[in-house]
Structures are given as C-alpha cells and as structure tokens.
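Just so you know, the sequence shown maps onto residues 183 to 416 in my numbering.
Here is the structure we will look at, set down as structure tokens.
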Amino acid sequence: MASIGAPVCVVRRYKPEDTAAAQDIMTKTVMETVSDYFWSAIFTEVLPQALEVGQEMTNIPRLFLEHPDRCFWVAEVLECSEASELDSFMNKMKKEHSRCVEYHFMSEEESSAREAELRGTRRHVVGLLGLTKSMRGGMKGWLRHLAVKKAYRRRGIAQRLLDEAIHFSTEHCLDEIELVATECHHKARELFYKKGFEVQHTYFKYYFNVQQPLYIFNLPVKPPKAELSEISSS
Numbered sequence: 183m184a185s186i187g188a189p190v191c192v193v194r195r196y197k198p199e200d201t202a203a204a205q206d207i208m209t210k211t212v213m214e215t216v217s218d219y220f221w222s223a224i225f226t227e228v229l230p231q232a233l234e235v236g237q238e239m240t241n242i243p244r245l246f247l248e249h250p251d252r253c254f255w256v257a258e259v260l261e262c263s264e265a266s267e268l269d270s271f272m273n274k275m276k277k278e279h280s281r282c283v284e285y286h287f288m289s290e291e292e293s294s295a296r297e298a299e300l301r302g303t304r305r306h307v308v309g310l311l312g313l314t315k316s317m318r319g320g321m322k323g324w325l326r327h328l329a330v331k332k333a334y335r336r337r338g339i340a341q342r343l344l345d346e347a348i349h350f351s352t353e354h355c356l357d358e359i360e361l362v363a364t365e366c367h368h369k370a371r372e373l374f375y376k377k378g379f380e381v382q383h384t385y386f387k388y389y390f391n392v393q394q395p396l397y398i399f400n401l402p403v404k405p406p407k408a409e410l411s412e413i414s415s416s
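Here you go:
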C-alpha cells in the first residue's frame with residue numbers, strides 16, 4: 183500500500199474539468215514533433231493541426247463518451263510536493279542518474295476507496311488517451327491522442343494508459359485495435375511493439391515536397407475470459 187508521500191498515478195475516465203489540461207498536453211505534444219531547424223518552414227502545417235486538436239479536446243464528451251464502446255482516459259498524478267519542484271527533481275534525476283521515479287498506479291475505484299488517505303495531495307493531469315471506432319469498419323477500435331507531459335515520460339504512464347485501453351477493448355469484445363504513428367514518434371513506436379502491436383500498413387504524406395512515412399499499427403484483441411470459457415465448452 184502506498185504511503186501519502188509516495189507519488190501516485192490514477193488512470194481514470196475523463197471528466198469535464200479535465201478539458202483545459204487535455205488541450206494543453208495535446209497542443210504541446212503536437213508542437214514537440216517539429217525540430218527547431220524546420221520550425222519556420224513547417225509552422226504553417228503544424229499550427230493548424232494544433233488548433234484542430236485543441237478544438238477536438240473541447241468535444242471529448244461527444245467524440246469519445248456518447249457510445250459504450252468508446253472512451254477517453256486521463257492519467258492524474260497525486261503528490262505532496264509542488265508541481266514545479268517535482269518537475270525539477272524528475273529532470274535532475276533523468277539527466278544525472280538516468281533513474282525513473284516509480285509510481286504507485288491506482289484505478290479510479292481504488293483511489294476513491296482510499297480518498298481519506300490521499301486527501302491533501304496535489305492533483306494534476308499529465309497524460310491522456312482516447313479510443314474511438316475505427317473508420318476502417320468492423321469491430322475495431324482506433325486509439326488517438328496518446329500523450330504524456332514531457333517531465334513525466336518514461337515512467338510507465340503511457341504504458342498504463344495503453345493497458346487500460348486494451349483491457350477496455352477486451353471487455354467490449356472488439357476484434358482489434360488500430361492506431362497511426364509517424365516517424366517522429368519513435369519512443370511511442372517502441373512502446374507499441376512492446377505491447378504486441380505490429381505495422382499493418384505504411385503510407386506516405388508530403389510536407390513541402392518531403393516524403394514522410396506514417397505507420398498503421400494493429401493489435402488483435404483476445405475475447406474476455408468468460409467468452410473463451412463458453413467457446414471451449416461448446
């Protein structure tokens with residue numbers, strides 16, 4: 183059981199009050215994919231994309247929560263120290279010692295049950311992930327907007343969000359999960375491979391006559407255990 187002073191991360195469903203944090207995380211994530219060297223040239227491509235993503239973040243309830251087989255999650259960190267102090271500590275640890283702060287991950291149900299113990303902690307959203315229906319048809323889920331604040335990356339938060347989406351897809355009997363990743367998202371691609379995703383298709387887009395590959399990843403989803411029992415007994 184985690185103590186009050188230990189860093190805690192709760193992966194839970196989106197709430198309306200998370201909108202501002204979601205917009206901030208996604209806008210910064212989009213901008214981070216562009217190096218300073220190409221900034222002036224590609225700004226006209228990235229800014230509209232960031233604005234579009236920001237607008238989508240204001241419509242999360244309509245896009246992700248109106249159907250039972252869609253969902254949107256956030257990762258909320260709970261800590262006693264001020265956010266600025268924690269960010270500084272994390273960056274120092276990462277640069278000087280290459281060690282990771284380990285979080286005690288909780289479900290929303292567990293955090294509610296331990297509300298008295300966690301009272302007084304500072305809470306802020308540091309990551310998010312959405313699951314909607316694939317436009318390619320069939321019983322397929324489409325993962326969108328996997329993002330974690332820069333100071334909190336490589337600490338298991340993205341993996342925990344992804345695990346939650348896979349579990350949700352299993353419970354809702356989806357056949358597979360798909361997503362698209364670009365060449366810039368090399369760390370995310372490493373995580374997808376680690377979780378069993380495979381590249382199903384590669385296509386290309388052009389930015390100022392520069393060809394950029396985009397990868398469609400796919401993960402078959404196993405039926406829930408109860409359904410597997412029914413299949414084996416039939």
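No residue lacks a Cβ here, since even glycine has one placed at the ideal position from N, Cα and C.
Just so it is clear, the structure is predicted and the values come from calculations on it, not from any experiment.
Where residue i falls, given that 16 or more other Cβ within 10 Å makes a residue buried
i           : result
residue 258 : buried
residue 293 : buried
residue 250 : exposed
residue 289 : exposed
residue 323 : buried
residue 198 : exposed
residue 208 : buried
residue 363 : buried
residue 189 : buried
residue 375 : exposed
residue 309 : buried
residue 196 : buried
Whole-angstrom C-beta distance between residue j and residue i, which should lie under 8 angstroms
i           : j           : result
residue 295 : residue 239 : With a Cβ gap of about 30 angstroms, residue 295 and residue 239 do not count as contacting.
residue 340 : residue 373 : 6 angstroms
residue 355 : residue 405 : 7 angstroms
Spatially closest choice to residue i from the options, by CA coordinates
i           : options               : result
residue 315 : 305, 190, 359 and 198 : 359
residue 365 : 395, 208 and 190      : 395
residue 307 : 330, 209 and 361      : 330
residue 386 : 377, 379, 378 and 397 : 397
residue 194 : 349, 337, 241 and 320 : 349
* Asked: Are the stretch 297–305 and the stretch 340–358 touching by the rule of at least three beta carbon pairs closer than 8 angstroms?
  -> no
* alpha helix (DSSP H) runs wholly inside the stretch 281–357, at least 4 long, in chain order -> 290–295, 297–300 and 339–353
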